[in-house]
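Chains as they are written, first to last, in the numbering used here: chain A, 8 to 285; chain B, 2 to 373.
Positions of the beta carbon are idealized from the N, C-alpha and C atoms, including for glycine.
Each remark here refers to the structure printed beneath this line.
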Amino acid sequence: MFELRSWQAKAGFIALLLLIAFFLFFPVYWALSSAFKGNGELYQLEPTMFPSDFYLGHFLTAISEGNLLLQLKNSLLTSTSSALLNAALASLAGYSFAKFEYPAKKPLMLLILSAQMFPFGVLLISIYPMLQAVNLLDTKLGLTISYIVFALPVSTYMMYSYFKQLPNELIEAAKVDGASNIKIFYRIVMPISFPAFITVTLYAFMWSWNDLLYSMTLITSEENRTVGPGLLLRYINENNSDWGGAMAASFLAAAPVVFVFALLQKQFIGGVTSGAVK
Amino acid sequence: MADVKLEKVVKRYGKVETIHGVDLDIKHGEFVVFVGPSGCGKSTLLRMIAGLEEVTEGEVYIGNNQVTNWQPSKREIAMVFQSYALYPHMTVLENMSFGLEVTGQPKDLIEQRVSEASRILKLGDLLDRKPKELSGGQRQRVAIGRTIVRQPEIFLFDEPLSNLDAELRVQMRIEISKLHEQLGNTMIYVTHDQVEAMTMADKIVVLRDGNIEQVGTPLELYHQPVNKFVAGFIGSPKMNFLPVTVLSANSEQVNVLLHDGQKLSLSCDGRTVNEGDKLSLGIRPEHFFSGSEADISLTVDVDVVEQLGGTTYVYSDIDGQPVTIEADSDLELVKGEPMTFSFHLSRCHLFTADDRRLEVALSTPVKEEACA
């Protein structure tokens, strides 16, 4: 790490950070403040920085009109199940790659990682007919499975890296103690690897929650629609003039991710940095 | 009965052979220490007995069973690892009971065994703590406790004290020896520390480059090392080796010439050496005397003096060979000044150019006049 010695250098660095923070957070702030502005204040010629009074109408409209709650429920269901399924599969695959010896281990790992090299749009071309063939188009299950496709390679690699630095002696001690491979995995390895498990779960959850392309393509019915396409179809079109509603709905849609992240961020950071220091 | 027997055991990693056909017999109840420098194969050998390392060739027997391909859990063994390998998310109690729990033992038996082990190892107050809340010595005791509760036939220790500080190491060494006396089980212990080996073992196995160099009691190895490697490895500080040249040799006596022209006559079987052969004369630092009262006297310039309180080590060199002398602690020594010391020929060993030791006869050696 570099060290800033003079106060001028420190001040300059802080100013630079503030500038970057401004570019990152001003749009978020502007969206939030717009969500609390009444239509009169929102569309006046000279925009105001702060809402003059905290108008909650946009939030109430976003919830009461349209299918936002249903879409949130669908998103929560598909994202949570795909995240947990992805983390479970990545843990098993990563553990196998890290701690077992078998033929073609490296090519197999490369094969899994190679899925990450294709643009998601390209993968969609093959996923679509596969889901169609098993009647899973326009179903939450089909969408859940498709989400796993793009989160699994990186998640497997993340779990592999974590397991790789787990001391073999722990596993050997459990073996000598008489535990089977399955028992070693869920009684010893997984409890120790909880931060890594949380990290890949969050990673997959955020991927799924923020997805637009797959959910737009694979889901066509209103009852299965998730929140991303729901917002897009309702608010982003040539006839829309409800920017306050769009901002309020967006914040309601982002709330679960922020909440989950805030709840698990300690484990998330721990998981990301766990391999850095022995 | 938990005898352990290794028959022509070989270990290969790909094309690299690290253990070269080792044969070894360990009797029930023996405390056997595998000792040798890093990379000599002592841990690999232990892990093959444990079943954690595949045996490439040869056979491993425990009791009457050929266990070469058996899983570790089927071998009636328990192992203490160098890093202790305690399960970090479990309490001391859970760590100790895990082995019994996963093998489906009844709860009251687990409680009884854990309570007995914690009494022996004085762990009673620590049962609810996690490993991170324990000191190094306490962790070590938990690791041993985890093995005791399983009541195995054989205890395996893989350098269990190497992470502890010097004082704790001595303390744990004594505790493990007491435990062996108390339990009477077979114990196999790996260390690179020859002091641990000497103080704990009934039998020491000295390894070098995947071969057994010598097996014997600590004193056998100390007094009758089979070669220069064992002689140098056993004993601390290590044995000194002075270059000598053979003047004449027969089945009862070898006459050699020291660097300074002194002629020594040692009673040993010299049939395999010839006049003019270069040999090494081995003398342990603790077998030197300050002054010239013993059989042979030498004078050296003092290079370094280490005063340990109870004893003093003097470092110098003779004819290019480093020499360590253990001297009395009250001796006044100055760096760069000459120092005269002496030794008895009965304490010397002769090693051939291929490191083999010539057997020294017990008859009184004769000091001869200098040749010059």
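Measure how close the beta-carbons of residue i and residue j come, nearest whole angstrom, since I'm counting them as under 8 Å.
{"i": "B/Asp318", "j": "B/Asp304", "result": "7 Å"}
{"i": "B/Val36", "j": "B/Thr192", "result": "6 Å"}
{"i": "B/Lys204", "j": "B/Val216", "result": "6 Å"}
{"i": "A/Ser86", "j": "A/Phe212", "result": "5 Å"}
{"i": "A/Phe104", "j": "A/Met116", "result": "5 Å"}
{"i": "B/Pro244", "j": "B/Ser281", "result": "6 Å"}
{"i": "B/Asn251", "j": "B/Lys264", "result": "Contact flag wrong, Cβ pair sits at about 16 Å."}
{"i": "B/Pro226", "j": "B/Ile235", "result": "6 Å"}
{"i": "B/Ser293", "j": "B/Thr341", "result": "6 Å"}
{"i": "B/Gln141", "j": "B/Tyr85", "result": "6 Å"}
{"i": "B/Ala3", "j": "B/Asn186", "result": "7 Å"}
{"i": "A/Ser257", "j": "A/Leu238", "result": "6 Å"}
Can you give me the C-alpha to C-alpha distance between residue i and residue j, rounded to a whole angstrom?
{"i": "B/Met188", "j": "B/Phe156", "result": "5 Å"}
{"i": "B/Glu197", "j": "B/Ala167", "result": "11 Å"}
{"i": "A/Leu306", "j": "A/Ser98", "result": "The first residue shown for chain A is 8 and the last is 285, placing residue 306 of chain A beyond what the model contains."}
{"i": "A/Ile27", "j": "A/Trp14", "result": "20 Å"}
{"i": "A/Ile70", "j": "A/Ser82", "result": "15 Å"}
{"i": "A/Thr280", "j": "A/Lys112", "result": "Note that A/Thr280 scores 47 on pLDDT, short of 50, meaning its location in the model is unreliable and no value can be drawn from it."}
{"i": "A/Lys171", "j": "A/Val183", "result": "20 Å"}
{"i": "A/Asn217", "j": "B/Arg130", "result": "43 Å"}
{"i": "B/Lys9", "j": "B/Gln67", "result": "13 Å"}
{"i": "B/His288", "j": "B/Gln172", "result": "28 Å"}
{"i": "A/Lys147", "j": "A/Arg194", "result": "32 Å"}
{"i": "A/Leu49", "j": "A/Thr224", "result": "33 Å"}
{"i": "B/Glu221", "j": "B/Lys123", "result": "35 Å"}
{"i": "B/Gly125", "j": "B/Leu309", "result": "38 Å"}
{"i": "A/Gly128", "j": "A/Arg232", "result": "19 Å"}
{"i": "B/Lys12", "j": "B/Arg174", "result": "30 Å"}
{"i": "B/Gln106", "j": "A/Tyr221", "result": "51 Å"}
{"i": "A/Lys106", "j": "B/Leu87", "result": "18 Å"}
{"i": "A/Phe43", "j": "A/Gly251", "result": "7 Å"}
{"i": "B/Val306", "j": "B/Val315", "result": "5 Å"}
{"i": "B/Met201", "j": "B/Val34", "result": "8 Å"}
{"i": "A/Met137", "j": "A/Thr151", "result": "14 Å"}
{"i": "B/Val143", "j": "B/Gly137", "result": "10 Å"}
{"i": "A/Leu173", "j": "A/Ala95", "result": "18 Å"}
{"i": "B/Ala295", "j": "B/His260", "result": "18 Å"}
{"i": "A/Leu92", "j": "B/Arg48", "result": "37 Å"}
{"i": "B/Val247", "j": "B/Pro339", "result": "28 Å"}
{"i": "A/Ser41", "j": "A/Gln51", "result": "12 Å"}
{"i": "B/Ser74", "j": "A/Ala186", "result": "8 Å"}
Quick one: give me the first and last residue of the beta strand (DSSP E) that residue i is part of.
{"i": "B/Ile175", "result": "Counting along the chain, B/Ile175 falls outside any beta strand (DSSP E), though it belongs to the alpha helix (DSSP H) covering 167-184."}
{"i": "A/Thr208", "result": "Looking at the DSSP string, A/Thr208 is not in any beta strand (DSSP E); the run it does join, the alpha helix (DSSP H), is 201-217."}
{"i": "B/Ser291", "result": "289-291"}
{"i": "B/Gln308", "result": "305-308"}
{"i": "B/Arg13", "result": "5-14"}
{"i": "B/Met188", "result": "187-192"}
{"i": "A/Tyr242", "result": "Looking at the DSSP string, A/Tyr242 is not in any beta strand (DSSP E); the run it does join, the alpha helix (DSSP H), is 234-242."}
{"i": "B/Pro323", "result": "322-329"}
Less than 8 Å separating the beta-carbons of residue i and residue j?
{"i": "B/Met97", "j": "B/Ala118", "result": "yes"}
{"i": "A/Met165", "j": "A/Val196", "result": "no"}
{"i": "B/Ile50", "j": "B/Val17", "result": "no"}
{"i": "B/Glu160", "j": "B/Asp270", "result": "no"}
{"i": "A/Leu144", "j": "A/Ile205", "result": "no"}
{"i": "B/Glu154", "j": "B/Glu95", "result": "no"}
{"i": "A/Leu259", "j": "A/Leu67", "result": "no"}
{"i": "B/Ile20", "j": "B/Thr45", "result": "yes"}
{"i": "B/Ile284", "j": "B/Phe344", "result": "yes"}
{"i": "B/Pro89", "j": "A/Ile199", "result": "yes"}
{"i": "B/Cys41", "j": "B/Leu208", "result": "yes"}
Since residue i is in the alpha helix (DSSP H), which residue starts that stretch and which ends it?
{"i": "A/Pro114", "result": "112-121"}
{"i": "B/Arg76", "result": "That residue, B/Arg76, is in no alpha helix (DSSP H); it is neither H nor E in DSSP."}
{"i": "B/Lys123", "result": "B/Lys123 -> no alpha helix (DSSP H), and no H or E assigned at all."}
{"i": "B/Glu95", "result": "93-103"}
{"i": "A/Asn175", "result": "175-184"}
{"i": "A/Phe127", "result": "127-140"}
For residue i, go through chain C and note every residue whose CB falls closer than 7 Å to its CB, in chain order.
{"i": "A/Ala186", "result": "Reference to chain C is not applicable here, since the protein chains of this structure are A and B."}
Could you list the residues in the stretch 52-76 of chain B with a C-beta less than 7 Å from some C-beta on chain A, going in chain order?
From the stretch 52-76 of chain B, only Leu53, Pro73, Ser74 have a Cβ closer than 7 Å to chain A.
Going along the chain, which residues of the stretch 85-116 of chain B sit with their C-beta nearer than 7 Å to a C-beta in chain A?
Of all residues in the stretch 85-116 of chain B, those with a C-beta nearer than 7 Å to a C-beta of chain A are Ala86, Tyr88, Pro89, His90, Phe99, Gly100, Val103, Thr104, reading in chain order.
When Cβ atoms are compared, which residues of the stretch 37-52 of chain A fall closer than 8 Å to chain B?
Here the close residues number zero.
Could you please tell me which residues of the stretch 139-158 of chain B, in chain order, have their CB closer than 7 Å to any CB of chain A?
For the stretch 139-158 of chain B, the set of positions with a beta-carbon nearer than 7 Å to some beta-carbon of chain A is empty.
In chain order, what residues of the stretch 196-221 of chain A put their CB closer than 7 Å to some CB of chain B?
The stretch 196-221 of chain A vs chain B, Cβ under 7 Å: Pro198, Ile199.
Short-range partners of chain A found in the stretch 317-334 of chain B, where Cβ spacing is below 8 Å:
Going along the stretch 317-334 of chain B in chain order, one finds no residue with a Cβ nearer than 8 Å to chain A.
Could you run through the stretch 239-264 of chain A and flag, in chain order, every residue whose CB is less than 9 Å away from some CB of chain B?
Correct list: empty, as no residue qualifies.
Under 7 Å, CB to CB, which of the residues in the stretch 163-193 of chain A have a partner in chain B?
Within the stretch 163-193 of chain A, the residues whose Cβ lies closer than 7 Å to some Cβ of chain B are Pro174, Glu176, Leu177, Glu179, Ala180, Lys182, Val183, Asp184, Gly185, Ala186, Lys190, listed in chain order.
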